[in-house]
Amino acid sequence: MFKGGLKISAFKELSKEETIETFPCPEKVAIPLSQHTGLPAKPAVQKGDFVKEGQVIGEPAGFISSYVHSSISGKVTGIENRSLPNGKSSMSVIIESENGAEQDCPRPDIPEWQLLSPREITESVKQAGIVGMGGAAFPTFVKLMVPQGKKAEYVLLNGCECEPFLTADYRVMKENTDEVIEGLQIICKALSVQKAFIGIESNKKDLVKILQKALQNLKIPLDISLKILHERYPQGSEKHLIKSITGKEVPSLGLPIDIGCVVFNIQTALSIKRAVCGNLPLTERVLTVTGLVKTPKNLRVRIGTSVADILSHCGGILTDSRKLVIGGPMMGINITSPDVPVIKSTTGIIILPQDTRPGKEIKPCIRCSRCIDACPMNLVPAELGRYAENKNWQACKTLNVADCIECGCCSYICPSERPLVDLFKWAKAELRKNDSR
Amino acid sequence: MTAGNSSISREREEKMNEIRWAPHIKSKDSTPKIMYTVTIALLPAMLGSIYYFGPSVLKIILVCIGSCLLSEIFSKKLFGRTVSINDGSAVLTGLLFAFVLPPGIPLWIAALGSFIAIFLVKELFGGIGYNLFNPALAARSVLLTSFPLQMTRYIVPFSYRTDTITAATPLAVLKENASIQLPSLWDMFLGNRAGCIGETSTLLLLIGALLLLARRIITLHIPAAYILTVALLSYISGQNPTLQIMAGGLILGAFFMATDYVTSPLTNKGKIIFGIGCGIVTFLIRQKGGYPEGVAYSIIFMNMFVPLIDRYTLPRKFGMPQTKRE
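If you read the protein sequences in the order shown, they are chains A and B. The opening residue of the first sequence carries number 1 in my numbering; numbering runs sequentially from there. The opening residue of the second sequence carries number 438 in my numbering; numbering runs sequentially from there.
Right under this line is the structure:
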């Protein structure tokens, strides 16, 4: 258990029982070259080129970068700057599907993964353009390469999905159980680790039997244990998952590998399995479409599909006064136009009523200390908020604003509608500006 | 420091209206809701006071609440701040302030005190969230030094029905070692004793306190530390701890005054230190000081240490061995 956090009513029942539906192949996709943490990929195709599904259209521009593949077969009709669902924008390859185009690009046969070396596994993960699919989109092959002087002891598979509303990872664990577990074994092999944990929140207890059954048929000898954790946001935060399972704390501003842990998202494990066993690059993902849509769904969607198309596929939005949130309601981002593509890190599309967060009337802090009790990083949001409000960045630094994981607990609980997380993001950005000067 | 209403810069606010950052869902807690819950928690004791000291008490309470509201509107206009009386804090301050006045207080003194509480103690320091001292208690202290006679004129319960008879509070009786009979502990528990308007009934105050605890508006840290410290010190010095707890304003002070968010420490550790400090000062004033009662002064005294306590009780940050603050 970690200190702090919140119990938030989860709203997961809206889409929990919906089996994953495959979204039909779209006519047109816009595939951003920057969907990941790190440098944007360099385009590997030109306007007018014909591409096949799974073909590389972007190549890594540096060490921390990623391959990008086409998710449909068709013609490149342009490479232009497009808005992303994460609020940024990026050069994107626009592909329009062509009738009669060859559906698949040929893939060489690959040997059983048990026979591969860690290096070979890491290479095929890199070639498949796999990035963390829980939201951070950090290139996964980098995580599989343990830096010198560090040693990976535990692999943790993050099945918490602690954000309210989201059920995509839950459905994947339920429907693609064997593939996820095989992905976890491949990760362990790549990191030469013997001990792994799967962490799920107690609201997903029905998965226990299914997962335990899958754990009985491991392909390599491994010690994998299933941990049922408290339903407490942000249980799925990397640092808090590690704390809950191993009892260790990632050092301030450090990385999980500093204490021998490496954490992977459920869908990342699935993608790794498909890349290593089937030579399939990352061109699709499962996401939850929920909230005020006519029919909430869990959809398997090709990367680059327009959010607007997905919304109309789910029967459209129920109310005019709404806000569109990409990701979870606690950390996701509110965008104004649905004309953005799904990217590798898009975990959900949620339609919320406009008034869920009044926010207009920001009142002074009354020092009720609810935010302090809720902060899972043990910061003092109440004081930090006042300093940030007065642009006292140095005081924010002293009070460790850099440790804030932006989980949103403080803003959620604040009775004075103070936009605490926003203030901290602002303070962090200002401090980064100062540092780089 | 820019005081008063939120001073987030305009550019930022405009940007925030454009894109609403996470989180997109919100707890149902709000400042007015908290303030009105505390007000409701005080209602049993308020009804009790009308029962014991007569309908004139209700007049005092209404004058205090009304003057607090007017003073708040006046100060907000004076300082050019947005009037925010619907946050419920002025009503609560008015009620709490009436609770610490003697039942026979002249109405004009009550009105003046309300103005002091809101204008001098709260708004001059920046308004809600920025005051250093508990407004009701600070105003009471000002009045006690300014109008010592009127502020110590207590009356015998139910005497309003015939002729109002003045009486000493149990703590005053103890202090002077007078030969007057003390009310029984049971009467003190029910509230049948001389004292300030809202402080006499331990039972009715505890009912309200239970509501606050159940709704998690307050925690036990401050009241428990405060009351236990007073009880322990009384016991050691040969006093009757039960009497010390119920004879004065300790229950009202510990549950409703010392727990005031704005003027108490932020962390649980800090709250315990604050409660113990209040307990020690209360005990010292009662036993060694010139006044029979010390709850109001002790809380105000400890209010001064809140920034210091906050500074030295920062929580240990996640992933850090120890917290140091330069």
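In this text, a Cβ means the ideal position worked out from N, Cα and C, and glycines have one as well.
Query                                                                                                                                                                                        : Result
Name the DSSP bridge partner or partners of N298(A)?                                                                                                                                         : T288(A)
Would you grab the beta carbon distance between I710(B) and I746(B) for me? Rounded to a whole angstrom, and I think it's under 8 Å.                                                         : 5 Å
At 3 residues or longer, and completely inside the segment 343 to 420 of chain A: list those beta strand (DSSP E) runs for me, N to C.                                                       : 348 to 353
I want to see whether chain B comes within less than 7 Å of K363(A), judged by CB atoms only; does it?                                                                                       : yes
What number of angstroms, rounded off, separates the C-alpha of M757(B) from the C-alpha of I471(B)?                                                                                         : 34 Å
Residues of chain A with CB closer than 9 Å to the CB of I471(B), please, in chain order.                                                                                                    : I366, C368 and P415
So that I know if they touch, is there some Cβ in chain A lying closer than 7 Å to that of P492(B)?                                                                                          : no
Could you give the distance in angstroms between the alpha-carbon of G260(A) and the alpha-carbon of P118(A)?                                                                                : 17 Å
Give the residues from the segment 563 to 578 of chain B that approach chain A closer than 9 Å (Cβ to any Cβ), ordered along the chain.                                                      : G563, G564, I565, G566 and Y567
First and last residue of the alpha helix (DSSP H) that includes G645(B)?                                                                                                                    : T639 to A651
Return the first residue and the last residue of the alpha helix (DSSP H) that Y597(B) is part of.                                                                                           : Neither: Y597(B) is in no alpha helix (DSSP H) and is coded neither H nor E.
Cβ closer than 9 Å: which chain B residues qualify as neighbours of D403(A)?                                                                                                                 : K754, F755, G756 and M757
Which chain B residues are close to Y412(A), counting only those with a beta carbon under 8 Å from its beta carbon?                                                                          : P460, I462, K463 and S464
Grab me the residues of L703(B)'s own chain with a C-beta within less than 6 Å of its C-beta, minus the 5 sequence neighbours each way, in chain order.                                      : D747
What are the boundary residues of the alpha helix (DSSP H) that includes V325(A)?                                                                                                            : Taken as a continuous stretch (DSSP letters only), V325(A) belongs to no alpha helix (DSSP H), being part of the beta strand (DSSP E) at R322 to I326.
I'd like the list of long-range same chain contacts for G359(A), defined as Cβ closer than 8 Å, with 5 residues on each side in sequence excluded.                                           : Because G359(A) sits at a pLDDT of 47, beneath the cut-off of 50, its placement in the model cannot be relied upon, and the following sentence gives the value as read from the coordinates. Same-chain partners within the cutoff: E417 and P419.
Would you mind sorting F536(B) into buried or exposed? The rule is 16 or more other CB atoms within 10 Å of its CB.                                                                          : buried
Buried or exposed for N454(B), please, with buried defined as at least 16 other CB atoms from any protein chain shown within 10 angstroms of its CB.                                         : Bear in mind that the predicted position of N454(B) carries a pLDDT of just 46, short of 50, making it too unreliable to give a figure here.
Rounded to a whole number of angstroms, what is the C-alpha to C-alpha distance between C162(A) and N392(A)?                                                                                 : 33 Å
Following the continuous beta strand (DSSP E) through D223(A), name the residue where it begins and the one where it ends.                                                                   : D223 to L229
Listing by chain order, which chain B residues have their CB less than 9 Å from the CB of N298(A)?                                                                                           : Here the premise fails: no neighbours, minimum Cβ distance about 20 Å.
Mind pulling the chain B residues with CB within less than 9 Å of M377(A)?                                                                                                                   : K754, F755 and G756
Write down every uninterrupted run of the beta strand (DSSP E) in the segment 129 to 187 of chain A whose length is 3 residues or greater and which is fully enclosed by it, in chain order. : 154 to 159
Have a look at L561(B), L657(B) and P543(B) and flag the residue whose alpha-carbon is nearest the alpha-carbon of S508(B).                                                                  : L561(B)
With a threshold of 7 Å between beta carbons, is S467(B) in contact with chain A?                                                                                                            : yes
Chain A partners of V699(B), CB-CB under 7 Å?                                                                                                                                                : I366 and R367
State buried or exposed for I95(A), treating a residue as buried only when at least 16 other CB atoms are found within 10 Å of its CB.                                                       : buried
Can you list the residues of chain B that A382(A) reaches, using a CB-CB cut of under 9 Å?                                                                                                   : L703
Does the Cβ of P296(A) have 16 or more other Cβ atoms within 10 Å, making it buried, or fewer, making it exposed?                                                                            : buried
Taking the alpha-carbon positions, what's the R302(A) to T283(A) distance?                                                                                                                   : 6 Å
So, using beta-carbon positions, are E27(A) and S97(A) closer together than 7 Å?                                                                                                             : yes
Please check if any C-beta of chain B sits within less than 7 Å of the C-beta of G236(A).                                                                                                    : no
Report yes if the CB atom of G408(A) is closer than 7 Å to the CB atom of P594(B), and no otherwise.                                                                                         : no
Are the segment 318 to 335 of chain A and the segment 72 to 80 of chain A touching by the rule of at least three beta carbon pairs closer than 8 Å?                                          : no
Can you tell me which of the three DSSP states V263(A) falls into?                                                                                                                           : strand
On a Cα-Cα basis, can you pick out the residue from M588(B), Y473(B) and P620(B) that is closest to G531(B)?                                                                                 : Y473(B)
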